[in-house]
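If you want this note's numbering, it's the position in the sequence shown, counting the first as 1, plus 19.
Even for Gly, the Cβ is constructed at its ideal location relative to N, Cα and C.
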Amino acid sequence: MKNIIQYINQYVKLSSDEEQDLLKECKTREVEKGHDLHTPGTIAKHFYFIESGIARIYYYQNGNDITDFFAIEGEFIGTLDSLFTGKTSLFGIHVLEKSKLLQIKYEALERLYDRYHTFEKLGRILATKGYLEEVARTKTFQGMNAEERYELLVKTEPHLLQRAPLGHIASYLGISQVQLSRIRSKKNAF
20 MKNIIQYINQ YVKLSSDEEQ DLLKECKTRE VEKGHDLHTP GTIAKHFYFI
70 ESGIARIYYY QNGNDITDFF AIEGEFIGTL DSLFTGKTSL FGIHVLEKSK
120 LLQIKYEALE RLYDRYHTFE KLGRILATKG YLEEVARTKT FQGMNAEERY
170 ELLVKTEPHL LQRAPLGHIA SYLGISQVQL SRIRSKKNAF
């Protein structure tokens, strides 16, 4: 559980009381590869910190499974559309390898926000960071062809190529798995 404290302390400094109250609210979960932490069309109740493993946020579009986001150890993941509104989510969370997670109920997180200004500030910082990263990714991807998106992934997130199935990577890049295979074959030929 010290990983979550180290991660948070990059953004705000927690007091020992704040650390203890957070850790009291966290439950450790070990989940197997292929497990869905959340399914589309349901209301989310939990937010997760990945201690080990990898997960993805996905949705369905025209019957196709589309990967929207990957999270690895040392990162948070949650279906924020549902957590923030209390309504059903369009998104799901799928675990890609056996993973160890810290799970916190969203209502417990809200209590921490109410009790400690530090948590409220952290929530604002992480929400802003996530929003800006998503905007940057979307804007960057819009101006790139498939090969350029793949090259950016290789440069910025090479670990995904070893840890995520190619179908999920292709949908994350906005291309077909056939296109991805062609790009990879072409790159490996050199």
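- Approximately 6 angstroms separates the beta-carbon atoms of leucine 41 and leucine 131; this is inside 8 angstroms, confirming the contact.
- Judged by DSSP in its simplified three-state form, histidine 57 adopts strand.
- Counting other Cβ atoms within 10 Å of its Cβ, isoleucine 23 reaches 16 or more and is therefore classed as buried.
- According to DSSP, tyrosine 78 shares a beta bridge with Ile85.
- Cβ atoms of threonine 58 and serine 190 stay farther apart than 8 angstroms, at about 17 angstroms.
- Per DSSP, the unbroken beta strand (DSSP E) holding leucine 120 starts and ends at 118-124.
- In the DSSP assignment, glycine 111 falls within the unbroken beta strand (DSSP E) covering 111-114.
- Bridge partners of tyrosine 67 according to DSSP: Ile96 and Gln122.
- Among the bridge pairs identified by DSSP, lysine 46 is matched with Gln122.
- Around glutamate 44, the same chain offers Ile123 and Ala127 as residues with beta carbons nearer than 6 angstroms, after the five sequence neighbours per side are excluded.
- Three or more beta-carbon pairs separated by less than 8 angstroms link the region 186-205 to the region 163-170, which places the two stretches in contact.
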